[in-house]
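Structure record follows, encoded as structure tokens.
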Amino acid sequence: MVAEVYQSQGNSGNYLHLAVGASQVQPGDNLPINFHLKSNSEDVRRSVSYFTYLILSKGHIIHVGRQPRESDQSLVTMSLPVTANLIPSFRIVAYYHVKPSEIVADSVWVDVKDTCMGNLVVKGASEADNRVHEPRTPMRLRIEGDHKAHVGLVAVDKAVFVLNKNKLTQSKVWDTVEKSDIGCTPGSGRDQVGVFADAGLSLTSNVNIKTEQRGEVQCAKPAKRKRRSLKLIKHKGTKVAEYSNKNLRKCCEDGMKENLMGYSCEKRATYVLDGSACAEAFLNCCLYIKGIRDEERELKYELARSKCWEQFGDCSEVDDVFLADEDITSRSLFPESWLWQVEELTEPPNELGISTKTLPIYLKDSITTWEVLAISLSEKKGLCVANPYEITVMKEFFIDLRLPYSAVRNEQVEVRAILYNYWKNKIKVRVELMYNPALCSASTSKMRYQQIFQLEPQSSHAVPFVIVPLQLGQHDVEVKAAVWDSFVSDGVKKKLRVVPEGMRLEKTVKIVELDPKTLGNNGVQEVKVKAANLSDIVPNTESETKVSIQGNPMSILVEKAIDGTKLKHLIVTPSGCGEQNMIGMTPTVIAVHYLDSTMQWETFGVNRRSEAIELIKKGYTQQLAFRKDDGSFAAFNNRPSSTWLTAYVAKVFAMAINMVDIKPEVICGAIKWLILEKQKPDGIFQEDAPVIHKEMVGGYHGAEPSVSLTAFVLSALHESQKICKNYVKSLDGSIAKASDYLSRKYETLARPYTVALASYALALTGKLNSEKVLMKFSKDGTHWAERNAHTYNIEGTSYALLALLQMEKTELTGPVARWLAQQNYFGGGYGSTQATILVFQALARYHVAQPRQSEINLDVSVLLPRRANAITYRIENSNALVARSAEVRHRVTSVTSITSVTSVTGVTLVSGVTLVTSITIASRMVEK
């Protein structure tokens, strides 16, 4: 936030200053508000007989009033009762009127302590309920709250909040409310209009004083919540005031500045060179503010207790004096949260309107501290969050069984039972591992494995058990312990998750296109898909087969395939030389072009468009530094101009001219230089100064460079034609000569990339009459491939799609667009400049050109293995984009087929069916 000096209207020297007695108040307080009037004019001081003030909170005007003033008063004080409806904060806006047409105003923001507007308390119903409890015992809760309020209750293990700080508190509720504050600053403004605007008010007057209209509810750059920073400022001011010496006050202020290096106060004080008194003040203030900051942080819990003691004792001689294991009940319920209940406070209220309800509960098996969280919702008092009520569950002797998250079948794993003795005397303990046939352990069906040892007072002892899981799934691990010659015991039973050896692998078996109108017989299409090859599956493990069906017109498929949320890495800041700057500018330009064309800014973030536009402006301005007097561009001003770079700058600027303010003469100057300086009489364009950054030119490097360069420049000329037709008279003739040259060379081309690029350039000029040569170089009519060159394949296929779209060969564009979409290529990375700009340019143009289906009516029937009946779906316009799936788990012993039967009425819809099988395979197979 930048502070500005208040400017009086017309430099009149008339001011109003509001001051409050506290930076934070609470309901029930009386807040003194001081109105200070300052003016150089005696007439003004006499004429102001009152101040008008407004109280605003939560976006509403709570109260409007007038505070009287005597003609000789420079200070007027008013007392404001703080009520609950002013929570969590409020603003005071005050002004006075000076004839004929001046308004003098000021405002101040006041924080209110975060409390409920109503009442809600959770506690134990009696003194006994507030004591320490044992697991599985009953107790009662007492709920006190507003009459007829609905109270939601949950008990959460306190240890959960060690890893997850997202505990709902009343402060968080009010913090969320304050995010919607329509005010912009803690108070005042740059002038009288700014005071009203920054407070979230709209001002209109008959003397042409008014605020600007706001387009958003929030400010353009909303301020963070001020309360803690204001409190910190108050603490700093109080501490500095303890020092009367000016130099020592400066030392104190320096000590309270935050140190980003993380140094301790003691270490920082050693760097003070202004004497021992200054160093002492620095250290004192640094430690003071550190303590204040520490108080504001949440408390962290520590969970660590485990010690090891030596084993002692002989099991065989003492078994008779221990409690039998069948008499020991094991604890097995260890939820992280429970008690999910909603209670209505319907009991008769007391004189304060508070109802009380007693709720009996039964505690779970965990040895822990439960926090009971309560939230009430009242029609009159709104939302209220109670302070957590803690319930401590404890035993003097208990077991803590530590299991891993999962264990691999047939692999040895160690589990630990930690026994705790909170008594003040030593005890003798027998601990047993119970038998489970699904686990290989020292316990058998006839004899359980046990240890007997001495456990010191107020200590713990870890007992390890080695087990080998034999079966997949969830299996019980149970440990019981008993104390010698007493009825004291404990048992714990937990589930061990056993997973198969190897790695989980998903295989996409087949993607089927359902189009009964063209691929079916009499409107019915039947497709049988064989199951995946499961020869490498780990024995005795399940496979999972999933069929996904989605009605998806191809244009929508492309739009969804490249999701706007995945383009954020393309919005980057351009920098560097004339080539590096274009490498950085290109992704941002094409991202804006694509998101504009597909209208996906909502998923990307609408506010990010303005950020992207600013980066494009920056890139454009920086690129002008590498523009020469003749209109050409080079990496550096002392290097010769590059034909390719100049054409590329014109191409990108022609795309960006609708986004930012680009002068047409910049683009047309580059076009004119290309025509006059670099085009030969036969139409070919020559390169005399190749670019330094070879990675930015894409597939242009390699075979047939003359044709590739001429086609690239020709596409830039044509894309700039609408902008430059009135600036460059020879433009049409240059385009004709270049296209004639390409037409002569077209039949002799050998590279798929060059064919695709030349086809696009010729299609732009209307010289490509047939797609036969272009399609001859494709693979399956879907893509144009170069060996070991994935980004070149994307670039070349994008050129081919642009050519087909330009020729209006819509029947051929679908498979090409589908292939590009399925690559999930989002650009970015070394050497991807051309592939990035072209894939989004092609898909954006396809999105605009592809017609939408007007009517959809498709019935799909799926028959899965081991299911008696088929699963049927109806896909219509209203639900075309809803994803549908069906799955089956089974052990596959033979080849199984899945049958999909589709019937259609009305207009057909191209629908996608994807079959995926998930299996577990051996790790060594994955390594291969």
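Sequential numbering from 1 applies to the sequence shown in full-length UniProt numbering.
Glycine is no exception: its CB is placed at the ideal position from the N, C-alpha and C atoms.
{"Query": "Cut-off 8 Å between Cβ atoms - residues of its own chain near Leu-168, not counting five sequence neighbours on either side", "Result": "Leu-373, Ile-375, Val-385"}
{"Query": "With 16 other Cβ atoms within 10 Å as the buried cut-off, status of Glu-178", "Result": "buried"}
{"Query": "For Glu-414, the nearest candidate out of Asn-421, Tyr-422, Pro-404 (CA to CA)", "Result": "Pro-404"}
{"Query": "Opposing strand residues paired with Thr-52 [DSSP bridges]", "Result": "Arg-66, Tyr-95"}
{"Query": "Cut-off 8 Å between Cβ atoms - residues of its own chain near Val-132, not counting five sequence neighbours on either side", "Result": "Thr-392, Val-393, Met-394"}
{"Query": "Length of the line joining the Cα atoms of Arg-331 and Lys-495", "Result": "12 Å"}
{"Query": "Gln-7 classed as buried or exposed, judged by whether at least 16 other C-beta atoms fall within 10 angstroms", "Result": "exposed"}
{"Query": "C-alpha gap between Val-666 and Arg-744, whole angstroms", "Result": "32 Å"}
{"Query": "Same chain only: Cβ atoms within 6 Å of Thr-211, ignoring 5 sequence neighbours per side", "Result": "Val-193, Phe-196, Ala-197, Ser-202, Leu-203"}
{"Query": "Three CB pairs or more closer than 8 Å across the segment 136–154 and the segment 79–99", "Result": "no"}
{"Query": "Straight-line gap, Thr-754 to Ala-635 (C-alpha atoms, nearest Å)", "Result": "26 Å"}
{"Query": "Ala-750 to Asp-682 span [Cα, whole Å]", "Result": "21 Å"}
{"Query": "Member of Glu-336, Ile-361, Gln-454 whose CA lies at the smallest distance from the CA of Gly-124", "Result": "Ile-361"}
{"Query": "Simplified DSSP assignment, three categories, for Tyr-422", "Result": "coil"}
{"Query": "Between the CA atoms of Lys-58 and Met-117 - distance to the nearest angstrom", "Result": "13 Å"}
{"Query": "For Ile-723, the first and last residue of its enclosing beta strand (DSSP E)", "Result": "Unbroken run through Ile-723 is the alpha helix (DSSP H), 721–724; no beta strand (DSSP E)."}
{"Query": "Terminal residues of the beta strand (DSSP E) in which Tyr-263 lies", "Result": "It is not in any beta strand (DSSP E) - Tyr-263 carries neither H nor E in the DSSP assignment."}
{"Query": "Under the three-state DSSP convention, the category Ala-374 falls into", "Result": "strand"}
{"Query": "Rounded separation between Ile-209 and Ser-264 - CA only", "Result": "53 Å"}
{"Query": "Where the beta strand (DSSP E) through Pro-135 begins and ends", "Result": "Looking at the DSSP string, Pro-135 is not in any beta strand (DSSP E), and its letter there is neither H nor E."}
{"Query": "Lys-158 vs Glu-371 beta-carbon contact at 8 Å", "Result": "yes"}
{"Query": "Candidates Asp-72, Asp-191, Lys-426, Asn-34: closest to Met-78 by CA position", "Result": "Asn-34"}
{"Query": "Neighbourhood of Thr-813 by C-beta, 7 Å cutoff - its chain only, sequence neighbours within 5 removed", "Result": "Leu-801, Leu-804, Leu-805, Tyr-846"}
{"Query": "Assigned exposure category for Phe-312 - 16 Cβ within 10 Å defines buried", "Result": "Below a pLDDT of 50, predicted positions are generally treated as unreliable, and Phe-312, at 35, falls in that range; the measurement from the model is reported next regardless. Classification of Phe-312: exposed, given that the 10 Å Cβ count is below 16."}
{"Query": "Backbone secondary structure at Ala-417 - three-state DSSP", "Result": "strand"}
{"Query": "C-alpha gap between Val-728 and Cys-668, whole angstroms", "Result": "7 Å"}
{"Query": "Tyr-449 (DSSP reduced to helix, strand or coil)", "Result": "strand"}
{"Query": "With 16 other Cβ atoms within 10 Å as the buried cut-off, status of Lys-239", "Result": "buried"}
{"Query": "Between the CA atoms of Ile-292 and Arg-268 - distance to the nearest angstrom", "Result": "18 Å"}
{"Query": "Pairwise C-alpha distance: Asn-793 and Tyr-594", "Result": "20 Å"}
{"Query": "Which listed residue (Asn-30, Asp-191, Val-156) has its alpha carbon closest to that of Ala-105", "Result": "Asp-191"}
{"Query": "CB contact flag (Ala-711, Leu-645, <8 Å)", "Result": "no"}
{"Query": "is_contact[Val-154, chain B] using C-beta, thresh 8 Å", "Result": "Chain labels in this structure do not include chain B; a single protein chain is all it has."}
{"Query": "Straight-line Cα distance separating Ile-671 from Phe-633", "Result": "11 Å"}
{"Query": "Option nearest Gly-10 by Cα separation, candidates Gln-679, Trp-819, Pro-100", "Result": "Pro-100"}
{"Query": "Coil, strand or helix - His-147 by DSSP", "Result": "coil"}
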